Amino acid sequence: MNPRRKKRMVTLLAVVFGLGSAVALVLYALQGNINLFYTPTELIQGKGPEKQKPLVGQKLRIGGMVVPGSVKRDPDSLHVEFKLMDTGPTVKVIYKGILPDLFREGQGIVAQGNLIAPNIIEAFEVLAKHDEEYMPPEVAEAVKGIKHQKPVYNNVKGDS
Amino acid sequence: MIPELGYISLTIALGLSILLCIYPLWGAYTNNLRLMRAAPALAIGQCVFVFISYAALVYASLTDDFTLVYVASNSSSSLPWYYKITSTWGGHEGAMLLWLVMQAGWTAIVSIASQSLPWPLRARVLGVLGFLGVGFMFYTLLMSSPFESLLPYYPVEGHDLNPLLQDPGMIIHPPLLYMGYVGLSVTFSFAIAALLTGKLDNTWAKWSRPWTIAAWLFLTLGITLGSWWAYSELGWGGWWFWDPVENASLMPWLIATALIHSLAATEKRGVFKSWTVLLAIAGFSFSLLGTFIVRSGVLVSVHAFTTDPGRGIFILGFLAIVVGGSLALYAMRASAVNSAGRYRLFSREVALWLNNILLCVATLIVMLGTLLPLVHKELGMGSISIGEPFFNEMFSYLLVPFAFALGVAPLLRWKQNKFNTLKNKLSLIALISIVITASWLYSSYDVVSLMTFIAVLLAIWVTISTIFDIVEKATKQTSILVGLKQLTTSYWAMVSGHFGFACVVMGIALTSAYSVERDVRMLPGETVTLNEYVYRFDGIKEIVGANYTGHAAVVSIYNNGEKVTELHAEKRRYNVGMQFMTEAAIDASLGRDLYVALGEQLSNGAWALRIYHKPYIRWMWLGGLIISFAGLLILLDKRYRGTTKASQKTKDTNESSQPATSDEVSS
Numbered sequence: 076m077n078p079r080r081k082k083r084m085v086t087l088l089a090v091v092f093g094l095g096s097a098v099a100l101v102l103y104a105l106q107g108n109i110n111l112f113y114t115p116t117e118l119i120q121g122k123g124p125e126k127q128k129p130l131v132g133q134k135l136r137i138g139g140m141v142v143p144g145s146v147k148r149d150p151d152s153l154h155v156e157f158k159l160m161d162t163g164p165t166v167k168v169i170y171k172g173i174l175p176d177l178f179r180e181g182q183g184i185v186a187q188g189n190l191i192a193p194n195i196i197e198a199f200e201v202l203a204k205h206d207e208e209y210m211p212p213e214v215a216e217a218v219k220g221i222k223h224q225k226p227v228y229n230n231v232k233g234d235s
Numbered sequence: 003m004i005p006e007l008g009y010i011s012l013t014i015a016l017g018l019s020i021l022l023c024i025y026p027l028w029g030a031y032t033n034n035l036r037l038m039r040a041a042p043a044l045a046i047g048q049c050v051f052v053f054i055s056y057a058a059l060v061y062a063s064l065t066d067d068f069t070l071v072y073v074a075s076n077s078s079s080s081l082p083w084y085y086k087i088t089s090t091w092g093g094h095e096g097a098m099l100l101w102l103v104m105q106a107g108w109t110a111i112v113s114i115a116s117q118s119l120p121w122p123l124r125a126r127v128l129g130v131l132g133f134l135g136v137g138f139m140f141y142t143l144l145m146s147s148p149f150e151s152l153l154p155y156y157p158v159e160g161h162d163l164n165p166l167l168q169d170p171g172m173i174i175h176p177p178l179l180y181m182g183y184v185g186l187s188v189t190f191s192f193a194i195a196a197l198l199t200g201k202l203d204n205t206w207a208k209w210s211r212p213w214t215i216a217a218w219l220f221l222t223l224g225i226t227l228g229s230w231w232a233y234s235e236l237g238w239g240g241w242w243f244w245d246p247v248e249n250a251s252l253m254p255w256l257i258a259t260a261l262i263h264s265l266a267a268t269e270k271r272g273v274f275k276s277w278t279v280l281l282a283i284a285g286f287s288f289s290l291l292g293t294f295i296v297r298s299g300v301l302v303s304v305h306a307f308t309t310d311p312g313r314g315i316f317i318l319g320f321l322a323i324v325v326g327g328s329l330a331l332y333a334m335r336a337s338a339v340n341s342a343g344r345y346r347l348f349s350r351e352v353a354l355w356l357n358n359i360l361l362c363v364a365t366l367i368v369m370l371g372t373l374l375p376l377v378h379k380e381l382g383m384g385s386i387s388i389g390e391p392f393f394n395e396m397f398s399y400l401l402v403p404f405a406f407a408l409g410v411a412p413l414l415r416w417k418q419n420k421f422n423t424l425k426n427k428l429s430l431i432a433l434i435s436i437v438i439t440a441s442w443l444y445s446s447y448d449v450v451s452l453m454t455f456i457a458v459l460l461a462i463w464v465t466i467s468t469i470f471d472i473v474e475k476a477t478k479q480t481s482i483l484v485g486l487k488q489l490t491t492s493y494w495a496m497v498s499g500h501f502g503f504a505c506v507v508m509g510i511a512l513t514s515a516y517s518v519e520r521d522v523r524m525l526p527g528e529t530v531t532l533n534e535y536v537y538r539f540d541g542i543k544e545i546v547g548a549n550y551t552g553h554a555a556v557v558s559i560y561n562n563g564e565k566v567t568e569l570h571a572e573k574r575r576y577n578v579g580m581q582f583m584t585e586a587a588i589d590a591s592l593g594r595d596l597y598v599a600l601g602e603q604l605s606n607g608a609w610a611l612r613i614y615h616k617p618y619i620r621w622m623w624l625g626g627l628i629i630s631f632a633g634l635l636i637l638l639d640k641r642y643r644g645t646t647k648a649s650q651k652t653k654d655t656n657e658s659s660q661p662a663t664s665d666e667v668s669s
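Protein chains in written order, with this note's numbering: chain U, 76 to 235; chain V, 3 to 669.
Shown next as C-alpha cells:
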C-alpha cells in the first residue's frame, strides 16, 4: 500500500470505529431510558396484540383521567394517592410531593413512576398539561367516547 | 374593518413575495439585470405589507376586537396593554404572523445591506428568501390565518392569554427565538445562491458570516432566556426539560455553532467549503424541522399548542421541498468545489473539524431522542417517552472530548504545529487546572462525584488555556498593553465565547450536583433548614392583581440568625380562564438561588411548600450571555463593516439614491 492509501485507510478505520462506538453508547443509554406508555386498561389487561403486561418494578408512564372522589391525602405529610381510569379498570397511583396546578379530579394527567404491584404505581412525577382543555393525545385516544367531566372548581382549593 | 385590511395586505405581501421569488432568480438565470434590480424594491414592499398586516392584528388585540377568533381565544379585556401586545404571538396563528414579520424584516435588511454584492448573487439570495416567504405566507393564509372572523356571533369577553405566558420573559423570548430561526434562512439563502452561482470562495464565507453570527446570537439569547423563563415561571425549578420544543431550538443552535466555526475556517483558510455549505443548509432545515415538531403537535410537549394534522402535513411538505431541493442542488454542485488548504494532524483546522463533528453528533442525538418516540408510535409499537437521563448521559459523554479539544484549540496554529512545544504547554495547563479544581472542590464540598470533578475540571481547563493563550499572544509585543491592543476583535469574540461556555458548564455541573430540593408540609410558624439557611413560613396573605386573585406564602429566610430576605411565593387564580398559576419567589445571587414555590392547601391550615437551594445556577445564564456577547463583538468588528463600506464606494454609484445602511447588519 502506498502511504497515501494507508493514510486514507487509517482515517476510514478511525471514522468507522468512532461511529460504531457512538452508536453502541447511544443504544446502551437508550436501553435504560425508554419508558413505555400505558393506559390503565392496558396496564391491567395487557398492551398490544400480544397483551403484554409490564413487570412489577418496571419504570413506565401512565396516562388517564383522575377518578372523581378518589384523591386521598395523608393529613400529616405530602403523601397523596388517587385512581386513574380510561375505559376499563382503574389503577392506583401513589405520590409524595406537590401536585401540579392543573391537577384536578376528572382531568387527564400523565404520571411517571415504577410499578410496585400489578395495579399500583409509585410515581415520581405527575404532569398535568398547561392547557386547561388539553389532554395528552394518548389519553384522548384511549378515552375517546367517554364524556369529559367538567372539573369542579370549588373543590380544588378546599380540603379534599 | 381593520382585520380585513390586515388580511388583504398579507395577500398583497404574498403576491409581492411570489414576484420576489420569480423575478430575480429568472433574471439571474437569463442574465437580465433589469429583472434582478427589481429584487430590493420587492423585498421592501413585501416587508411593508407584512408589517401593516401585523399592525392590524396588534390593533385588533389592543382594542379588544373579539370578533376575531384569535383575539377572542388569546386575549381578554382585563389584560394589561403590554400583554395584549404579546398575546399577538401567544397563540399559534399570531406566532406564525410574527414569523412572517421576521422573515420579511430579514429579507428587507438583506436587500439593503447587500449593496456591495455582485448582482447575480444578490438577486439569487433575495430570490431564495422570497421563495421561503411564499411558503410561509401560503401556510399562514391557508392554514392558520389570525384574521379568521367569528361574525356574526362573537363573544363579549375573550378567553384570556394563557397565564404562563403572562410574564416579562415571554415578551421577548419568542421573538428572539424566531429572529434566530428565521435568521438562519439568510445563511441558507446565501448557501443556495452560492451553489447556484457556482462560486464558493472565501468572499462568500465572509459575506455569509455576519448573518450567521446574527442569527446565532438571537438563538443563543432566546435559548438562554427560555431556560430562565422555564425556571422562574413553571414552578418546579427545572431549567431544561429536554422537551421536544426545547430540543427544536437546541438543534439549530448546535448546527449554527458548528457553522460559525467552520465558516471561520473557510474564510481564513479556504478549507471545509462544501462542508460549510452543507451545514448552512442543515441549520435552516433544523429550524424548519423544529417548527414542524412544535406546530404540528405530533409530539407531546409542555408547550401544548393546538394540534392540527393538516398544518403538520403542510410544513412537512414544505420541509421536504426545501431539504430535498437544496440537497439535490448540493449533490449536483458541491463536487465542483475543492478545498485548497493542506493541513496536518496538529493544526487548528483539525481542532475545528473535531468541534464540528462533535456538535453534529450532539445534534443527531437530540434529534434521535426527540423523533424516536414519533417513529416508534408510527410503527405501531406503542407510545414511548425518552427520559431526561438519556440526554444527560449522552451530553456528558460528549462534553469530555469537546471541552478537551476546546482547551487545546486556541493554542494551535493554522496548518501545523510541533507536538513537543505543545505538549509542554498543555501539561502545564492541565496541572494548574487539576490543582485549582481539586483544591476548590474538596475545600468547599464533602462529597465530590467523579462526573462533577471532570466537568468542573474541564471548565477550568478551558478557562486557563484561554488565559494562557491571551498572555502568550500579548507578551509577543514589547509590552503587554501594546500586545493586548494588537489582538483583533474576532479574537476577543472567540475568548468571550469560550469563557461563556466554561461558565455554562461550571453552572450546570455545580447546580446539578449540589442542588437541594425539598417538598414540605408546613404550618405557619414552622421552620425548615436547608444548607445553613433556615426558612420560616410566616403565613398566607391574600393578593389581588389586575386580572387575578390568589394567595402568597410569606417565607422569611435566615442565615446564622440574620434575616437574609423575605420571599412571597404566589399561587394565582386568573379570573377569566379560572386557571391556576404558581409564581415562584426567588432570591438570586451569583453563588446560590433560594427558591420557594407554594403548593396546595392541606388540612389544618397547613400548606405544601417547595423549597430549593440551587448553587451557581446563575452561572449558566450568565454564561449564555457571555457567549452571546461574542456574537455581538463579531458583528461590531470593523472588518465586516469596513469592507462593505469600502467596496460600496467603488461600486454602484448609481445606487446612491438608496440610503447606505450597510452598517445596520447588526441591527
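Each residue gets a CB set at the ideal place from its N, CA and C atoms; glycine is no exception.
Remember, it's a predicted structure, so these values are computed and weren't measured experimentally.
Would a check of beta-carbon distances place residue i closer than 8 Å to chain V?
| i | result |
| --- | --- |
| Gly-172 (chain U) | yes |
| Asp-161 (chain U) | no |
| Pro-115 (chain U) | no |
| Gly-123 (chain U) | yes |
| Val-101 (chain U) | yes |
| Phe-112 (chain U) | yes |
| Leu-130 (chain U) | no |
| Arg-79 (chain U) | no |
Just to confirm, are residue i and residue j a CB contact at a threshold of 8 Å?
| i | j | result |
| --- | --- | --- |
| Lys-600 (chain V) | Leu-611 (chain V) | Per the sequence shown, the amino acid found at residue 600 (chain V) is Leu instead of Lys. Taking 8 Å as the Cβ cut-off, Leu-600 (chain V) and Leu-611 (chain V) qualify as a contacting pair. |
| Ser-445 (chain V) | Ile-636 (chain V) | no |
| Ala-405 (chain V) | Thr-465 (chain V) | no |
| Trp-91 (chain V) | Leu-100 (chain V) | yes |
| Pro-115 (chain U) | Gly-144 (chain U) | no |
| Gly-633 (chain V) | Pro-617 (chain V) | no |
| Ser-517 (chain V) | Arg-538 (chain V) | no |
| Gly-135 (chain V) | Ala-106 (chain V) | yes |
| Phe-470 (chain V) | Ile-431 (chain V) | yes |
| Leu-22 (chain V) | Met-139 (chain V) | no |
| Val-598 (chain V) | Ala-571 (chain V) | yes |
Does any residue of chain U have a CB that is nearer than 8 Å to the CB of residue i?
| i | result |
| --- | --- |
| Phe-392 (chain V) | yes |
| Glu-380 (chain V) | no |
| Leu-399 (chain V) | It should be pointed out that residue 399 (chain V) corresponds to Tyr in this sequence rather than to Leu. Chain U, which has a Cβ nearer than 8 Å to the Cβ of Tyr-399 (chain V), makes this yes. |
| Met-139 (chain V) | no |
| Ile-367 (chain V) | yes |
| Ile-24 (chain V) | no |
| Leu-99 (chain V) | no |
| Ala-457 (chain V) | no |
Buried or exposed for residue i, please, with buried defined as at least 16 other CB atoms from any protein chain shown within 10 angstroms of its CB.
| i | result |
| --- | --- |
| Ala-99 (chain U) | exposed |
| Thr-423 (chain V) | exposed |
| Glu-95 (chain V) | buried |
| Val-131 (chain U) | exposed |
| Gly-95 (chain U) | exposed |
| Pro-246 (chain V) | buried |
| Met-383 (chain V) | exposed |
| Ser-251 (chain V) | buried |
| Arg-79 (chain U) | exposed |
| Pro-412 (chain V) | buried |
| Pro-150 (chain U) | exposed |
| Lys-158 (chain U) | buried |
| Ala-338 (chain V) | exposed |
Given that residue i touches chain C, what residues does it touch there, using C-beta distances under 7 Å?
| i | result |
| --- | --- |
| Asn-108 (chain U) | Within the model displayed, chain C is absent; protein chains U and V are what it includes. |
- prompt: Closer than 9 Å, Cβ to any Cβ of chain U: which residues of the region 46 to 76 of chain V, in chain order?
  reply: none
query: What are the start and end residues of each continuous beta strand (DSSP E) run of 3 or more residues lying completely inside the region 122 to 150 of chain U, in chain order?
result: 134 to 141
message: Output needed in chain order: residues of the region 142 to 155 of chain U with a Cβ under 8 Å from some Cβ in chain V.
response: Arg-148, Pro-150, Asp-151, Ser-152 and Leu-153
task: Could you pull out every unbroken beta strand (DSSP E) segment of at least 3 residues lying fully inside the region 555 to 620 of chain V, listed in chain order?
output: 564 to 576, 582 to 585, 587 to 590, 594 to 603 and 609 to 617
Length-filtered (4 minimum) alpha helix (DSSP H) runs lying within the region 332 to 388 of chain V: 350 to 380
Every unbroken beta strand (DSSP E) inside the region 162 to 211 of chain U [3 residues or more]: 165 to 171, 183 to 192 and 195 to 202
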